[in-house]
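To keep things clear, I will list the structure first and then write my remarks on it.
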Amino acid sequence: QQQVKQSPQSLIVQKGGIPIINCAYENTAFDYFPWYQQFPGKGPALLIAIRPDVEKKEGRFTISFNKSAKQFSLHIMDSQPGDSATYFCAARGGTSYDKVIFGPGTSLSVIP
Amino acid sequence: SQTIHQWPATLVQPVGSPLSLECTVEGTSNPNLYWYRQAAGRGLQLLFYSVGIGQISSEVPQNLSASRPQDRQFILSSKKLLLSDSGFYLCAWRGFMNTEAFFGQGTRLTVV
Numbered sequence: 001q002q003q004v005k006q007s008p009q010s011l012i013v014q015k016g017g018i019p020i021i022n023c024a025y026e027n028t029a030f031d032y033f034p035w036y037q038q039f040p041g042k043g044p045a046l047l048i049a050i051r052p053d054v055e056k057k058e059g060r061f062t063i064s065f066n067k068s069a070k071q072f073s074l075h076i077m078d079s080q081p082g083d084s085a086t087y088f089c090a091a092r093g094g095t096s097y098d099k100v101i102f103g104p105g106t107s108l109s110v111i112p
Numbered sequence: 113s114q115t116i117h118q119w120p121a122t123l124v125q126p127v128g129s130p131l132s133l134e135c136t137v138e139g140t141s142n143p144n145l146y147w148y149r150q151a152a153g154r155g156l157q158l159l160f161y162s163v164g165i166g167q168i169s170s171e172v173p174q175n176l177s178a179s180r181p182q183d184r185q186f187i188l189s190s191k192k193l194l195l196s197d198s199g200f201y202l203c204a205w206r207g208f209m210n211t212e213a214f215f216g217q218g219t220r221l222t223v224v
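If you're matching them up, the sequences are chains A and B in order.
Residues in the first sequence are numbered consecutively from 1, following this note's numbering.
Residues in the second sequence are numbered consecutively from 113, following this note's numbering.
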C-alpha cells in the first residue's frame with residue numbers, strides 16, 4: 001500500500017528522443033506526486049510535481065496522470081545528454097502525509 | 113532563502129566504530145526533517161523522520177538511530193557500524209506548510 005512502483009530500471013535514448021518513465025501506486029490517499037532528478041554523487045533535486053490532475057508541463061518535462069489507473073508518467077521532450085541522470089517518482093499523502101515515498105529510480109542515459 | 117547543510121561529504125569508517133552524521137537547515141522554522149539511505153544503484157530508503165524537536169519516527173529497524181536536539185538539527189548515529197551500513201546518506205527537509213522536500217548533498221559512507 002505504501003509502495004511506489006517505477007519502470008524501467010534503466011533507459012537509453014538518443015539525443016532528441018522522448019524517454020518515458022512510468023510509475024504506479026496503490027494508496028488512494030496519496031495526493032501529491034513529485035519527480036526528482038539526481039546526478040551522480042549529488043542529492044536529488046525536485047524536477048516537477050503534480051496533484052492528481054490530468055497533465056502538467058514545465059519546459060521539456062511533462063507529467064501525465066491517470067487517476068483511475070493510479071499511474072503517472074514523466075516524458076522528457078527533445079532529450080539532451082545533460083538530461084542523463086537518475087529519476088525518481090514519489091508520492092505523499094494520507095497517513096504518509098509527513099513522508100515522501102520514493103520509487104526505486106530510473107537511470108536515464110541520453111547518447112549524442 | 114532556505115539552505116540545508118550536511119557533513120561530512122565522505123567518510124570511511126572501520127566496522128564496529130561509531131557514527132555521527134549531522135544535518136542542519138537554515139532559513140526556516142519547525143521543518144520536517146528526514147534521513148534517507150541510498151545503496152549503490154538503488155532507490156531512496158526512508159530511515160527516520162522528525163516533525164519536531166525530540167520527535168523521531170523510525171521506518172526501518174536497524175543498526176542506526178536518529179536524534180533532533182534542536183529545531184533545525186538532525187543527527188544520524190550508530191554505536192557500532194556494520195559493513196551493510198555502507199551507502200549514500202541523504203538528509204532532507206520540508207517546510208510545515210510546503211509540499212516539496214529538499215535534499216542535502218549527501219554523505220558517502222564506506223564501512224571497511
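Beta carbons are placed, not taken as given, at the ideal position from N, Cα and C, and that holds for glycine.
Once the 5 residues before and after residue i are set aside, which same chain residues still bring their CB inside 6 Å of it?
| i | result |
| --- | --- |
| serine 169 of chain B | Tyr161 |
| phenylalanine 30 of chain A | Ala91 and Gly93 |
| isoleucine 20 of chain A | Ser73 and His75 |
| phenylalanine 215 of chain B | Leu202 and Ala204 |
| arginine 184 of chain B | Thr136 and Val137 |
Use the C-beta contact count for residue i: other C-beta atoms within 10 angstroms, 16 or more gives buried, fewer gives exposed.
| i | result |
| --- | --- |
| arginine 154 of chain B | exposed |
| arginine 51 of chain A | exposed |
| glycine 199 of chain B | buried |
| proline 181 of chain B | exposed |
| arginine 60 of chain A | exposed |
| glutamine 150 of chain B | buried |
| asparagine 144 of chain B | buried |
| valine 223 of chain B | buried |
| lysine 99 of chain A | buried |
| leucine 131 of chain B | buried |
| glutamine 6 of chain A | buried |
Could you confirm whether any beta carbon from chain C is found closer than 7 Å to the beta carbon of residue i?
| i | result |
| --- | --- |
| glutamine 217 of chain B | In the structure shown, chain C does not exist; the protein chains are A and B. |
Taking the DSSP output, what are the residues bridged to residue i?
| i | result |
| --- | --- |
| lysine 56 of chain A | A/Ile63 |
| threonine 106 of chain A | A/Tyr87 |
| glycine 164 of chain B | B/Gln167 |
| asparagine 22 of chain A | A/Ser7 and A/Ser73 |
Quick one: residues in its chain with C-beta nearer than 8 Å to the C-beta of residue i, no 5 flanking neighbours on either side, listed in chain order?
| i | result |
| --- | --- |
| glutamate 55 of chain A | Thr62, Ile63, Ser64 and Phe65 |
Under 7 Å Cβ to Cβ from residue i, same chain only, skipping five residues before and after it: list those, please.
| i | result |
| --- | --- |
| valine 110 of chain A | Val13, Lys15, Ser79, Gln80, Pro81, Asp83 and Ser84 |
| proline 8 of chain A | Thr106 |
| proline 120 of chain B | Thr219 |
At a Cβ cut of 8 Å, what residues of the region 45-56 of chain A count as close to chain B, listed as they run along the chain? Ala45, Leu46 and Ala49
Anything in the region 137-161 of chain B with a Cβ closer than 9 Å to a Cβ of chain A? List those residues in chain order, please. Asn144, Tyr146, Tyr148, Gln150, Gly153, Arg154, Gly155, Leu156, Gln157, Leu158 and Tyr161
Touching or not, the region 26-38 of chain A and the region 72-89 of chain A, by the rule of three or more beta carbon pairs under 8 Å? With the cut-off at 8 Å, the region 26-38 of chain A and the region 72-89 of chain A touch.
Selection of the region 186-199 of chain B by Cβ proximity to chain A, strictly under 7 Å: none
Listed from N- to C-terminal order along the chain, which residues in the region 78-91 of chain A have their beta-carbon within a distance smaller than 7 Å of any beta-carbon of chain B? Shown in chain order are the members of the region 78-91 of chain A whose Cβ falls below 7 Å from a Cβ of chain B: Phe88.
Do the region 130-144 of chain B and the region 17-28 of chain A touch if we need at least three Cβ pairs shorter than 8 Å? no
Name, going along the chain, the residues of the region 25-43 of chain A whose beta-carbon falls closer than 7 Å to a beta-carbon of chain B. For the region 25-43 of chain A, the set of positions with a beta-carbon nearer than 7 Å to some beta-carbon of chain B reads Tyr32, Pro34, Lys42 and Gly43 in chain order.
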